[in-house]
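Here is the structure we will look at.
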Amino acid sequence: MTAIQERDETLAADFRGAMRRLASGVALVTTADETGARYGIAMTALMSLSMEPPSLLIAVNRTASLCAPLLAHGRFGVSLLGRDQEQACQDFVSAPADKRFEGAEWDTHDNGIPLLRSALAGLVCTLDHAEPFRSHMVIRGLVDYVSLASTSDALVYLDGRYGGMAVNV
27 MTAIQERDET LAADFRGAMR RLASGVALVT TADETGARYG IAMTALMSLS MEPPSLLIAV
87 NRTASLCAPL LAHGRFGVSL LGRDQEQACQ DFVSAPADKR FEGAEWDTHD NGIPLLRSAL
147 AGLVCTLDHA EPFRSHMVIR GLVDYVSLAS TSDALVYLDG RYGGMAVNV
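Going by the working numbering, the residue at position 107 of the sequence shown is 133; the numbering climbs one at a time, nothing skipped.
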């Protein structure tokens with residue numbers, strides 16, 4: 027191993043450690059294809075981008091089962107998870123791709139986009155721009171629809187573990 031490779035590996039490990047210290051909300055990102063088949067992944071790699079127009083960014087691994095159908099369909103859903111949905115998230119990610127939508131209640135929105143009925147918030151987006159960056163596609167979505175639950179006790183992911191986050195008002 028060269029000194030440069032060693033430095034790069036150290037930097038990558040340190041960066042991974044730094045990102046594990048960043049608490050992130052957890053979402054299920056979903057889409058459907060022209061036949062109605064549903065696809066989805068859990069992710070923490072999302073952020074609001076702008077209020078005008080309402081938009082967000084997500085980063086999807088290019089090898090994820092969701093990536094190609096999302097790019098082809100051009101629409102996707104984001105279900106923001108609550109503190110009490112850790113097990114639902116684990117069940118979703120551990121199930122085979124064709125079984126992920128069993129065992130939970132889903133609403134189907136325009137163009138077949140599934141949103142988890144019990145989510146803290148559900149958003150339906152139209153793909154506005156997608157750009158590859160190494161292993162991921164960085165996707166900008168314009169928000170077309172929002173649903174909000176009456177609670178805001180969020181599921182968070184920190185240092186490889188799930189936890190809850192509530193704000194006292």
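Don't be surprised by glycine CBs; every beta carbon is placed ideally from N, CA and C.
- The beta strand (DSSP E) runs of length 3 or more contained entirely in the segment 50 to 92 are, from start to end of the chain, 53 to 58, 64 to 69, 72 to 77 and 80 to 87.
- Only buried fits GLN111, as 16 or more other CB atoms lie within 10 angstroms of its CB.
- For PRO140, the secondary structure class from DSSP, reduced to helix, strand or coil, is strand.
- Rounded to the nearest whole angstrom, the C-alpha separation of CYS93 and ALA49 is 24 angstroms.
- Annotation: MET27 is outside any alpha helix (DSSP H) and is labelled neither H nor E by DSSP.
- Out of VAL104, THR61 and PRO80, the CA that lies nearest to the CA of ALA147 is found in VAL104.
- Using a C-beta cut-off of 8 angstroms, the segment 74 to 93 makes contact with the segment 41 to 58, since at least three inter-stretch Cβ pairs fall below that distance.
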